[in-house]
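A quick write-up on the structure given underneath.
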Amino acid sequence: MEKQNIDWGNLGFAYVPTTYRYVSNYKDGKWDDGALITDPNVTINECAGVLQYCQQVFEGLKAYTTKDGDIVTFRPYMNAERMIDGAARLEMPSFPKERFLDAVDQVVRANADFVPPYGSGATLYLRPYIFASGPVIGVKPSKEYQFRLFVTPVGPYFKGGAKPITICVSEFDRSAPAGTGHIKAGLNYAMSLHAHEYALTHGFDENMFLDPATHTFVEETGGANFLFITKDGKVVTPKSDSILPSITRRSLVEVAEKYLGLTVEHRPVRFDELEDFAECGLCGTAAVISPVGRVVAKDKVITFPAGMEEMGPITKKLYDTLTGIQQGLIEAPEGWIRKIDC
Ligand code: PLP
Ligand code: COI
């Protein structure tokens, strides 16, 4: 199979349409058989539930080319499960786990020419989602849905690649104090856009959300969880019911404990603890682990000792081990890697 003629090393995190996507529609209480299609456009009724009340849930995962030339995905069943949780929270039907995995395999296989080569620094990002396609005018769940999965080759999420970024803590919350709208998997991403745009227009790379009730605890950014390293080498990850349970973060906890012998604390993290940490990173499928060099709040600038030039040493070890597992350089824990027969 010949690869697409793409400058893999210079890809950013942007949508590049590929040849095939997978679609299955839900009507009269059941999903149809589903199929690969080539049309990237969706035509829906003007009153569709997704357009009126934003009834939509999405996931994100990646396919990688390993050192041996295999194409693999990373823990896709975790995304299948989280999508079921998210769908339930939004009164949407579950897309069965086995069908989710089959759709992942089919779309990646059909677009194998878009999977970036080993060592290129790029990966194939998979975006499965379910949206309400049936008309609703009263505030209630739709009776019809579409599951769709498209893929797009991507490079680093942040422009500088592995260069540390600067994050601001703006006054804009993502949600109301009660957690409305983004409890567990029911995140409302549109609510994070204003804070994100504010950060970019003020010269920062991202925005850190604090807990909206007290503005005391660290939550996450619009698209990644936080990970801190203490001066004595412990990994600390913020615990909160209103952040996304990141699969990358949960994987890094296992990597830290089992591969690197580090101690991990998963607990509420107060914002005023930040100046005691040695390193900071953002973790997620898209972010992988992006080092954070500086956090700027209204009355405080915190520059982590790891600095603005390079990833901190423990963050780097975590990064190398996780990406090594994903690229087949380091043996993966049982069941983490799903090979796709191409
Ligand atoms: N937090 C938010 C708000 C996200 O959108 C994402 C990305 O999916 C993450 C965290 C990281 O989650 P994961 O590691 O499962 O990609
Ligand atoms: C991911 O990492 O998959 C995300 O969903 C983050 C962002 C692109 C929304």
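One gets the working numbering by counting positions in the sequence shown from 1 and adding 957 to each. Here a beta-carbon is modelled for each residue, glycine too, at the ideal position from N, C-alpha and C.
- Leaving aside the five residues that flank Val1253 on each side, the residues in its chain whose CB is nearer than 6 Å to its CB run, in chain order, Cys1125.
- For the region 1193 to 1223, the full-length alpha helix (DSSP H) segments reaching 4 residues or more read 1204 to 1211 along the chain.
- By the beta-carbon neighbour count (other beta carbons within 10 angstroms, threshold 16), Lys984 is exposed.
- Not one heavy atom of the ligand COI is found less than 8 Å from the C-beta of Phe1166.
- The Cβ atoms of Tyr972 and Pro1050 do not sit closer than 9 Å to each other.
- CA-to-CA, the gap between Val1093 and Pro1074 works out to about 44 Å.
- Between the alpha carbons of Tyr1010 and Asp1162 lies a gap of roughly 30 Å.
- With contacts defined by Cβ atoms closer than 9 Å, Gly966 and Gly1112 form a contacting pair.
- Residue state for Val1226 is assigned as coil, using DSSP reduced to three classes.
- In the three-state scheme derived from DSSP, where H, G and I count as helix and E and B as strand, Ile1186 is classed as strand.
- For Arg1295 and Ile1271, the gap between their C-alpha atoms comes out near 27 Å.
- Counting of Cβ neighbours within 10 angstroms places Lys1019 among the buried residues, the total reaching 16 or more.
- Contact check between the region 994 to 1004 and the region 1078 to 1087: fewer than three CB pairs, one atom from each, fall below 8 Å, which does not count as touching.
- Counting only runs of at least 3 residues, the region 992 to 1034 fully encloses the following beta strand (DSSP E) elements, listed from N- to C-terminal order: 992 to 994, 1013 to 1015, 1018 to 1022, 1028 to 1031.
- For Val980, the secondary structure class from DSSP, reduced to helix, strand or coil, is strand.
- Rounded to the nearest whole angstrom, the CA to CA distance from Leu1219 to Gly1281 is 18 Å.
- By a beta-carbon distance limit of 8 Å, Leu1279 contacts Ser1208. Their separation comes to about 6 Å.
- Judged by DSSP secondary structure, Val1253 falls within the beta strand (DSSP E) whose first and last residues are 1245 to 1254.
- It is roughly 16 Å from the alpha-carbon of Ile1297 to the alpha-carbon of Tyr979.
- With distances taken between CA atoms, Pro1085 lies nearest to Leu1106 out of Gly1076, Thr1178, Leu1106.
- Taken through DSSP and simplified to helix, strand or coil, Gly1118 comes out as coil.
- Ala1147 counts as exposed, since fewer than 16 other beta carbons sit within 10 angstroms of its beta carbon.
- Taking Val1108 as the centre and dropping the five residues before and after it, the same chain places the C-beta of Thr975, Val1064, Asn1068, Leu1081, Leu1083 closer than 6 Å to its C-beta, in chain order.
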